[in-house]
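Enquirer: The C-terminal residue of the sequence shown carries number 129 in this note's numbering, and the numbering is unbroken.
Think of the CB as a built atom: it goes at the ideal place given N, C-alpha and C, for glycine as much as any other residue.
The structure's right below; bear with me while I get my questions together.
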Amino acid sequence: MNFIGNIIWLVFGGIISAIVWALAGLILCVTIIGIPFGIQCFKISTFVLWPFGKEIEFGNFGVGGLVFNIIWIILFGWEFAIAHLSIGLIFCITIVGIPFGLQHFKFAKLGLIPFGAKIQ
Numbered sequence: 010m011n012f013i014g015n016i017i018w019l020v021f022g023g024i025i026s027a028i029v030w031a032l033a034g035l036i037l038c039v040t041i042i043g044i045p046f047g048i049q050c051f052k053i054s055t056f057v058l059w060p061f062g063k064e065i066e067f068g069n070f071g072v073g074g075l076v077f078n079i080i081w082i083i084l085f086g087w088e089f090a091i092a093h094l095s096i097g098l099i100f101c102i103t104i105v106g107i108p109f110g111l112q113h114f115k116f117a118k119l120g121l122i123p124f125g126a127k128i129q
């Protein structure tokens, strides 16, 4: 079932979401200071391609991860979280779209706190 969900996900917007995350990573990697943030965007981009069957585990980010997460939330994270929340709400309007909306809610959490999150 996860394979079918991932294929449908790719057709109905998964590729676009992954491209947006990858472009954000490329833009952030232009400067030396933005490289850690860009790397997180690339990790999220690969997760966005095949989200079904994977879970996110938050925690164990340490002091450096805490600082980077705070900077991320202030500068970039809230935009990604709001975008994924609004897309998730639109998908959840219909019964068929609920699984896809739930995936976007997962991305919204990851978009807020990417440092220290493990994708399993």
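1. Measuring straight from C-alpha to C-alpha, what distance separates isoleucine 122 and glutamine 129?
2. Give, in chain order, every unbroken run of the alpha helix (DSSP H) that is at least 4 residues long and sits entirely within the region 24 to 95.
3. Using 8 Å as the threshold, is the C-beta distance between phenylalanine 21 and glycine 34 below it?
4. Using alpha carbons as the reference points, say which of Phe124, Trp18, Gly23 and Gly14 lies closest to tryptophan 81.
5. Tell me, which residues are paired with lysine 115 by DSSP?
Expert: So, to answer that:
1. 16 Å
2. 24 to 37, 44 to 58 and 71 to 81
3. no
4. Phe124
5. Lysine 115 pairs with nothing; no bridge assigned.
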